[in-house]
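Enquirer: Residue numbers for the sequence shown follow our numbering, beginning at 5 and rising by one.
There's a structure below that I have some questions on.
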Amino acid sequence: MGSVPKPDAYRLVSISQIKENPHPLMRLYRYIVGFFFGSTLALSMTTIWADTGSGQRTLALVIGAFFDPRPLPALPDLTLAEALEVQDYLVMNLRPDYGAVAGYKRAQTAGADLVTALLLENMFTSTGSTLTVPAGVAIATELELLVRVGSGDLNQATNRAQAAATIAEVLPAVEVRDVALVLAQQHVAPAAAAVNGGARYLVLGAPLAIPLVEGARAWSGAFAAQLYDSTAALLASGAGLAEAEHPLDVVLRLKAALHARGRTLQAGDLLALGSLGPSVAAPPPGRLEAVFQTPFGNGRVIFALR
5 MGSVPKPDAY RLVSISQIKE NPHPLMRLYR YIVGFFFGST LALSMTTIWA
55 DTGSGQRTLA LVIGAFFDPR PLPALPDLTL AEALEVQDYL VMNLRPDYGA
105 VAGYKRAQTA GADLVTALLL ENMFTSTGST LTVPAGVAIA TELELLVRVG
155 SGDLNQATNR AQAAATIAEV LPAVEVRDVA LVLAQQHVAP AAAAVNGGAR
205 YLVLGAPLAI PLVEGARAWS GAFAAQLYDS TAALLASGAG LAEAEHPLDV
255 VLRLKAALHA RGRTLQAGDL LALGSLGPSV AAPPPGRLEA VFQTPFGNGR
305 VIFALR
C-alpha cells in the first residue's frame, strides 16, 4: 500500500471556516443570492406546489438537514420532476458557501431511473485531506468512477465512440455522502433527488489522462477499486459499475438526463458515473486509503475522517 502522508500533512476541510470568516464580497454575494432565492422561490413554489404544499415542506426539511445534519423524517410523496425542482432550490441555497455547479453525479436508486445530482465546487477536495464529518447524521463512503469532460461535443454524442472522444481524464475518487433518508426511501428516486443524492464531499486523486489514440474499446477494460482502513483491513472492494454497465453508456445516459433538465455539459465538468463496489456505512474515523485500477493506469486516494 506504500507510504502515506503524516497526519499533520492532511489538509483540514471544514465549511465552518468559510461560514465564520467570509470575504466582504462573499457577504454581498450572499445577500444578493439570498434576496433572489427568496423572491424567486416564493413565486415559483407558490405556482408549482400551491395545491399540496409538499414541495415547500420537503425543501425546508432538506435545507435544514444539510446545514444542521440530522436524520430526516419520511419525506412527502413527490413526483421525480417535483423532487428535481426541490434539488435545484436546495443547490441555489448552498451556492454562497459551496460555489457553482462543477459536476454531476448519478444518485443511488432502485429500478431503471437514472437520477442526477449536482456537485458544487467546494464539495471537492484532494487526496491528503482530513474531513470533518457531520455528527448528527450517518455517512457512507463510496469508491467512485469519476471522469472529466474534455469537450462540449459530448452534448452531441450518440454512441460510445463519440462519447469516448470527449472524455479527457479518469479520476480516482471517494465520495462521502450523508445518509439522512429513512430506510424505506433511501433508494426511491424522488427522495434521492430531493436530497441531492446526499452529496457532501468528494476526495480526488491524481487524474489519469486518456491517450488521444484510445477509443471506446479501451473503456471495456477492467475498472476496480478497494478501500482500506488505517490497519490495512479491507473495507470494500468492487470491479465494474452496478449491473455491469459500460462506463460510456452511463456517460450518455447522464448527458441525456441532464439535457432533459435543461442542462448542457462543457469542458471541465466532472461526471460521477457510479460506485465500484458497495458503499461503506459508518466508516471508521482515522486514515482511509482507496486504491484504483483502470485501463488508463492506477491511482489512489488517501484521506482521513474525524
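Beta carbons: idealized from backbone N, C-alpha and C, even for Gly.
Which ranges does the beta strand (DSSP E) cover as unbroken runs of at least 3 residues, wholly within the stretch 228-284, from first to last along the chain?
Expert: 228-232, 238-243 and 274-279
Enquirer: In angstroms, rounded to a whole number, what distance separates the CA positions of L292 and Q270?
Expert: Your numbering for residue 292 matches position 288 in the sequence shown. Your numbering for residue 270 matches position 266 in the sequence shown. The straight-line gap from Cα to Cα measures roughly 32 Å.
Enquirer: Tell me whether G154 sits in a helix, a strand or coil according to DSSP, three-state version.
Expert: Walking along the sequence shown from the start, residue 154 turns up at place 150. Three-state result, G154: coil.
Enquirer: What are the start and end residues of the alpha helix (DSSP H) that includes E218?
Expert: Stepping through the sequence shown from its first residue, residue 218 is reached at position 214. Premise fails: E218 is in no alpha helix (DSSP H) and is neither H nor E.
Enquirer: For L262, tell me which candidate among Q60, A111, Y102 and T83 has the shortest Cα-Cα distance.
Expert: As a position in the sequence shown, residue 262 is number 258, starting the count at 1. Comparing C-alpha distances from L262 to each of Q60, A111, Y102 and T83 shows the shortest one belongs to A111.
Enquirer: If contacts are defined as beta-carbon pairs under 8 Å, then L150 and L231 qualify, I think. What distance do you get, rounded to the angstrom?
Expert: Start at 1 with the first residue of the sequence shown, and residue 150 comes out as number 146. Start at 1 with the first residue of the sequence shown, and residue 231 comes out as number 227. Contact between L150 and L231 fails: their C-beta atoms lie close to 15 Å from each other, not under 8 Å.
Enquirer: Please state if the CB of F227 and the CB of P251 are separated by a distance shorter than 8 Å.
Expert: Stepping through the sequence shown from its first residue, residue 251 is reached at position 247. Stepping through the sequence shown from its first residue, residue 227 is reached at position 223. Their beta carbons are under 8 Å apart, which means P251 touches F227 by this criterion.
Enquirer: Alpha carbon to alpha carbon, how far is E89 from A193?
Expert: As a first step, residue 89 is located in the sequence shown; it is residue number 85 there, counting from the start. As a first step, residue 193 is located in the sequence shown; it is residue number 189 there, counting from the start. Cα-Cα distance, rounded: 13 Å.
Enquirer: Closest to L245 by C-alpha separation, out of L63, E125, A165 and G281, would be which residue?
Expert: The sequence position of residue 245 within the sequence shown is 241, counting from 1. Of the candidates L63, E125, A165 and G281, the one whose C-alpha sits nearest the C-alpha of L245 is G281.
Enquirer: How far does the beta strand (DSSP E) with A106 in it extend, from its first residue to its last?
Expert: For this step, residue 106 is matched to residue 102 along the sequence shown. That run of the beta strand (DSSP E) goes V105 to A111.
Enquirer: To the nearest angstrom, report how far apart M96 and A237 are at their CA atoms.
Expert: Looking up residue 96 in the sequence shown gives position 92. Looking up residue 237 in the sequence shown gives position 233. If I take the Cα positions, the gap works out to 40 Å.
Enquirer: DSSP three-state label for V90, please.
Expert: Here residue 90 corresponds to residue number 86 of the sequence shown, with the count starting at 1. Residue state, collapsed to three classes: helix.
Enquirer: Would you kindly report the start and end of the unbroken alpha helix (DSSP H) that includes T129?
Expert: To locate residue 129, count along the sequence shown from 1; it is residue 125. Element bounds for T129: not the alpha helix (DSSP H) but the beta strand (DSSP E), F128 to S130.
Enquirer: Can F128 and L208 be called in contact, C-beta distance under 8 Å?
Expert: The residue labelled residue 128 in the question sits at position 124 within the sequence shown. The residue labelled residue 208 in the question sits at position 204 within the sequence shown. For F128 and L208, yes; Cβs fall inside 8 Å.
Enquirer: List the endpoints of the continuous alpha helix (DSSP H) containing Q166.
Expert: By one-based count along the sequence shown, residue 166 stands at place 162. R164 to A168 is the extent of the alpha helix (DSSP H) around Q166.
Enquirer: Cβ atoms of A165 and G219: under 8 Å apart, would you say?
Expert: Locating residue 219 in the sequence shown gives position 215, counting from the first residue. Locating residue 165 in the sequence shown gives position 161, counting from the first residue. When the beta-carbon positions are compared, G219 and A165 come within less than 8 Å of each other.
Enquirer: Can the beta-carbon of L2 be found closer than 8 Å to that of V295?
Expert: Only positions 5 to 310 of the chain appear in this structure, which leaves residue 2 out of reach.
Enquirer: CB-CB under 6 Å to T131, same chain, minus the five flanking residues each way: which ones, in chain order?
Expert: Along the sequence shown, one-based indexing puts residue 131 at 127. Within the same chain, T131 has close Cβ partners G209, V305 and I306.
Enquirer: Leaving out five residues on either side along the sequence, give the residues of the same chain with a beta carbon under 8 Å from the beta carbon of A188.
Expert: Taking the sequence shown and counting its residues from 1, the one referred to as residue 188 is at position 184. A78.
Enquirer: For G301, write down the residues that DSSP places opposite it in a beta bridge.
Expert: Translated into the one-based positions of the sequence shown, residue 301 becomes position 297. The partner list for G301 (beta bridge, DSSP) reads T298.
Enquirer: Taking the beta strand (DSSP E) that T62 falls in, what are its first and last residues?
Expert: By 1-based counting over the sequence shown, the position of residue 62 is 58. Note, T62: premise wrong, no beta strand (DSSP E); alpha helix (DSSP H) at S58 to F71.
Enquirer: Within 10 angstroms of the Cβ of Q160, are there 16 or more other Cβ atoms? Answer buried if so, exposed if not.
Expert: The sequence position of residue 160 within the sequence shown is 156, counting from 1. By the neighbour-count rule (16 or more Cβ atoms within 10 Å), Q160 is not buried but exposed.
Enquirer: Report the rounded CA-to-CA distance for L175 versus Y205, giving the unit in angstroms.
Expert: What you label residue 175 is simply residue 171 of the sequence shown in a count that begins at 1. What you label residue 205 is simply residue 201 of the sequence shown in a count that begins at 1. Cα to Cα, L175 sits roughly 15 Å from Y205.
Enquirer: Which residues in the same chain have their Cβ closer than 6 Å to the Cβ of I234, if we skip the five residues on either side of it in sequence?
Expert: Against the sequence shown, residue 234 aligns to sequence position 230. Note that residue 234 corresponds to Ser in the displayed sequence, not to Ile. Within the same chain, S234 has close Cβ partners G290 and R291.
Enquirer: Helix, strand or coil for P176 per DSSP?
Expert: Here residue 176 is taken as the residue at index 172 of the sequence shown, counted from 1. Of the three classes helix, strand and coil, the one that applies to P176 here is strand, per DSSP.
Enquirer: Would you mind stating whether L84 and S58 have Cβ atoms separated by less than 8 Å?
Expert: Numbered from its first residue, the sequence shown carries residue 84 at position 80. Numbered from its first residue, the sequence shown carries residue 58 at position 54. Going by C-beta atoms, L84 is not nearer than 8 Å to S58.
Enquirer: Going by other Cβ atoms of all chains shown within 10 Å of its Cβ, with 16 needed for buried, is G107 buried or exposed?
Expert: Taking the sequence shown and counting its residues from 1, the one referred to as residue 107 is at position 103. Buried.
Enquirer: On the criterion of 16 or more Cβ atoms from any shown chain inside 10 Å, does D72 qualify as buried, or is it exposed?
Expert: The residue you call residue 72 lines up with position 68 of the sequence shown. D72 comes out exposed.
Enquirer: Near I52, what residues of its chain come up, given a Cβ to Cβ distance below 8 Å and the 5 sequence neighbours on each side ignored?
Expert: In the sequence shown, the residue the question calls residue 52 occupies position 48. Any reading at I52 must be qualified, since the residue scores a pLDDT of 47, below 50, and its modelled position is unreliable; no value is offered.
Enquirer: Among the candidates V199, A286, D273 and N163, whose CA atom is the shortest distance from the CA of L239?
Expert: As a first step, residue 239 must be located in the sequence shown, where it is residue number 235. Selected option, being the one with the closest Cα: A286.
Enquirer: Enumerate in chain order the residues of its own chain whose CB-to-CB distance from V186 is below 6 Å, with the five nearest sequence positions on each side excluded.
Expert: Taking the sequence shown and counting its residues from 1, one reaches residue 186 at position 182. So the list reads A78, once near-sequence residues are dropped.
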